[in-house]
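Data block below; observations after.
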Amino acid sequence: MTELFAHQPLVRVTRSGHTESIHYGSIVVLDNQEKLIASVGDPDCRVFIRSCAKPFQALPLFAHPQLAELKLSDAEMAITCGSHSGEPRHLLAVRGLLEKAGCQRSELKCGTHVPMYFDALGRNPNYEDIYTPLHHNCSGKHAGMLAWCKLNDVSAGDYLQPGHPLQGEILQAVARFSGLEAHQIDTGVDGCGAPNFRLPLKSLANAYMRLVSEDQDPHYADAHQRIYRVMTEHPEMISGLRRIDLLLTHVGARQWLSKVGAEAVHALGIRSNSWGIAIKIADGGQRARAVVTIEVLRQLGLIGDLAQTPLEEFARPEILDDRGQVVGDIQTLFKLQSAA
């Protein structure tokens, strides 16, 4: 049965002064009392949270009582929460994590793709280059999963199976931070082969609000606070050069925790305001995501003059023809609706 959600127009793509395409979607902003501050579209629309799940997939490792024995650096810890670009520093961190955990690269089950830094830097890959699972944007997450298996002395060969003890722990972490019961969360398979989670957009915002909380968690103690620290102190491990997570963390002076996911989902935790924000572009159009996110932050009063930030080029990107000439742009259409 097809589910119909009340998404609203968020951006329009122009060509030669005319509207060519419209991207619909939904936006949710929650406060630390789980109350709706502002929204557009359908706060209850259910979405696969894709890589926005990574901090919670890393939570069982961060909460493990023997984690300190691995002597991981902060960068090696941060890479477990990131969708890295396959830059040399990223590969170094994943190798270091695997080595300290006593794991082999051959145990990674994330698959292989061309490193994301090519797209971020507007470059083409070399046809003769060979890429390995280390270059996959999820290899840090998978290395962290393998490390958890080693610490718990459980089988690693089946660590992606939904019935594996690790995946049970991860589902409980997602449930706890989203405010749902585990049975209320739909599951599927992510691009890297790991289980992923489908839940209401407002529950994703709630999870990120709780993730940036300075309060102790009764079950995980300060593990989420350590995730916040390494993600905001090492945002270069969460994404990479010229990518939005890195830029937002810098602009937010490490008070904003930002994590994008495939199919144009984006979640942010704003520690300075104790807010959680979740955004979904309904058609998965990645080109609309950063434009919408920046406009949300602007309308919330968190961003002032974009000309003074590296976000300016992402706020209203130009549409170019094959000669490099400007023929259009991407413009926002929405206004956040106050819950009041």
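The numbering used here puts the first residue of the sequence shown at 1307, with every later residue one more than the last. All residues carry an ideal CB built from backbone N, CA and C; glycine is no exception.
**Request:** Provide the residue span of the alpha helix (DSSP H) that contains Gln1363, from first to last.
**Result:** Sequence index remark: in the sequence shown, residue 1363 carries index 57 (1-based). That run of the alpha helix (DSSP H) goes Lys1360 to Phe1368.
**Request:** List the residues that DSSP assigns as beta-bridge partners of Asn1502.
**Result:** Counting from one through the sequence shown, the residue named residue 1502 turns up at place 196. In DSSP, Asn1502 forms a bridge with Gly1494.
**Item:** Distance between Ser1327 and Ile1343 (C-alpha atoms, nearest Å)
**Value:** By 1-based counting over the sequence shown, the position of residue 1343 is 37. By 1-based counting over the sequence shown, the position of residue 1327 is 21. Using only the alpha carbons, I get a separation of about 29 angstroms.
**Message:** So, with DSSP's three-state summary, where would you put Phe1354?
**Reply:** Position 48 of the sequence shown, counted from the start, is the residue given in the question as residue 1354. Note: Phe1354 maps to strand in three-state DSSP.
**Message:** Does the contact criterion of 3 or more C-beta pairs under 8 angstroms hold for the segment 1515-1530 versus the segment 1478-1496?
**Reply:** yes
**Request:** Rank Arg1504, Ile1585 and Gly1590 by C-alpha distance to the C-alpha of Leu1642 and give the top, closest one.
**Result:** Here residue 1642 refers to the residue found at position 336 of the sequence shown. Among Arg1504, Ile1585 and Gly1590, the Cα nearest to that of Leu1642 belongs to Ile1585.
**Asked** Thinking C-alpha only, which one of Val1460, Arg1321, Ala1573 and Gly1610 is nearest Cys1409?
**Response** Translated into the one-based positions of the sequence shown, residue 1409 becomes position 103. Of the candidates Val1460, Arg1321, Ala1573 and Gly1610, the one whose C-alpha sits nearest the C-alpha of Cys1409 is Val1460.
**Message:** According to DSSP, is Ala1645 part of a helix, a strand, or is it coil?
**Reply:** Here residue 1645 is taken as the residue at index 339 of the sequence shown, counted from 1. In the three-state reduction of the DSSP assignment, Ala1645 falls in the coil class.
**Request:** Classify Arg1318 as helix, strand or coil using the three-state DSSP reduction.
**Result:** The residue labelled residue 1318 in the question sits at position 12 within the sequence shown. DSSP places Arg1318 in strand when its eight states are reduced to three.
**Item:** Rounded C-alpha distance that separates Ala1511 from Phe1311
**Value:** Locating residue 1511 in the sequence shown gives position 205, counting from the first residue. Locating residue 1311 in the sequence shown gives position 5, counting from the first residue. Taking the straight line from one Cα to the other gives about 17 angstroms.
**Message:** Tell me the rounded alpha-carbon separation between Thr1638 and Ala1399.
**Reply:** Taking the first residue of the sequence shown as position 1, residue 1638 is located at position 332. Taking the first residue of the sequence shown as position 1, residue 1399 is located at position 93. Those two C-alpha atoms are separated by around 38 angstroms.
**Item:** Selection from Ala1594, Gly1575, Gln1372 and Asp1425 that minimises the alpha carbon distance to Ala1453
**Value:** Taking the first residue of the sequence shown as position 1, residue 1453 is located at position 147. Measuring from the Cα of Ala1453, the nearest candidate turns out to be Gln1372.
**Proximity below 7 angstroms, CB of Gly1567 to CB of Arg1356** = On the sequence shown, residue 1567 is found 261 positions in, with the first residue counted as 1. On the sequence shown, residue 1356 is found 50 positions in, with the first residue counted as 1. Yes, they are a contact pair.
**Message:** Applying the 10 Å Cβ sphere with the 16-neighbour rule, what's the burial state of Ala1613?
**Reply:** On the sequence shown, residue 1613 is found 307 positions in, with the first residue counted as 1. Ala1613 sits exposed, since fewer than 16 C-beta atoms from the chains shown fall within 10 Å of its C-beta.
**Request:** Assess, as a yes-or-no matter, whether the segment 1603-1613 is touched by the segment 1585-1594 under the definition of 3 or more beta carbon pairs within less than 8 angstroms.
**Result:** no
**Item:** Pick from Leu1403, His1396 and Gly1463 that is closest to Lys1377, judged by C-alpha positions
**Value:** Counting from one through the sequence shown, the residue named residue 1377 turns up at place 71. Answer by Cα proximity: Leu1403.
**Item:** Buried versus exposed call for Ser1391 [16 or more other C-beta atoms within 10 Å across all chains shown]
**Value:** Translated into the one-based positions of the sequence shown, residue 1391 becomes position 85. Counting Cβ neighbours within 10 Å, Ser1391 comes out buried, since at least 16 surround it.
**Item:** Ordered list of alpha helix (DSSP H) runs contained in the segment 1515-1597, each at least 4 residues
**Value:** 1529-1539 and 1550-1557
**Distance, Arg1504 Cα to Asp1492 Cα** = Your numbering for residue 1492 matches position 186 in the sequence shown. Your numbering for residue 1504 matches position 198 in the sequence shown. Those two C-alpha atoms are separated by around 5 angstroms.
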